[in-house]
Amino acid sequence: MPEGATLPAEAVSSEWVLDPIKREGGKLIVSLRLPHALDAPQSALFPDDIIDPPDGPVTLPGLEVTAPQPSATGVIDWSQMITAEDKAQAAAEQLLSHVAVEVARLRAVADSAIAPLQDAVDLDEATEAEAALLKEWKRYRVALNRLPDQPGYPGEITWPAPPA
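Following this line, the structure appears as structure tokens:
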């Protein structure tokens, strides 16, 4: 597994795998449910972490195995692996989605403010203050539409201030 990758527990055909399997800091992290009875010794129920085990079968701490245990080969669905790049892309897509929702919300506020002011201007009934406020709201709406042109978008955004 590459660094930063995760494999969902469901991708491994084993009832003993509890959590997603991860590679972090060069180490493979696997959490297992150990098949011990409740009367097993504490060292078996709550074993120390196994760090840098050798390749091949690993003896689990806490119980001595006197007879060979039947082994079964687990099947791993590697297509479910989530790489660090996949995680970064998903985070970027989620950020972009949140920004798009916020822009849409602010745009709706601007549209609601602009509509009655534009009506007053169209009917030649707008005061100077209303005409000036209409321009401010339109500038704000244009600034919202230009957010994607900012460097660093969508991670770094300088949000325009709405008219007072």
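With the sequence shown counted from 1, adding 1394 to any position gets you my numbering. No residue lacks a Cβ here, since even glycine has one placed at the ideal position from N, Cα and C. Just so it is clear, the structure is predicted and the values come from calculations on it, not from any experiment.
Could you please give me the residues that DSSP links to Ile1476 through a beta bridge? Thr1400
Anticipated Cβ contact below 8 Å, Ala1478 with Pro1396, distance rounded: 7 Å
Across the stretch 1399-1416 and the stretch 1484-1499, are there enough close Cβ pairs to call them in contact, namely three or more that are closer than 8 Å? no
Would the stretch 1500-1514 and the stretch 1525-1543 be scored as touching if the rule is three or more Cβ pairs under 8 Å? yes
Return helix, strand or coil for Glu1418, following the three-state DSSP convention. strand
Buried or exposed: Trp1410, going by 16 or more other Cβ atoms within 10 Å of its Cβ? exposed
Gln1436 lies in the alpha helix (DSSP H); which residues open and close that run? 1436-1439
Should Arg1499 go down as buried or exposed, given a rule of 16 or more other Cβ atoms within 10 Å for buried? exposed
For the alpha helix (DSSP H) that Ala1526 lies in, which residues bound it at each end? 1522-1539
For Gly1398, collect the residues of the same chain with a Cβ closer than 6 Å to its Cβ; drop the 5 residues on either side in sequence, then sort them by chain order. Ala1478
Residues of its chain near Arg1501, where Cβ-Cβ distance is below 7 Å and the 5 sequence neighbours each way are ignored: Arg1535, Leu1538
According to DSSP, is Leu1426 part of a helix, a strand, or is it coil? strand
Could you check what DSSP says for Ile1444 in three-state terms: helix, strand or coil? coil
Just the Cα atoms here: how many angstroms apart are Gln1474 and Leu1412? 16 Å
Mind checking Trp1531: buried by the 16 CB within 10 Å criterion, or exposed? buried
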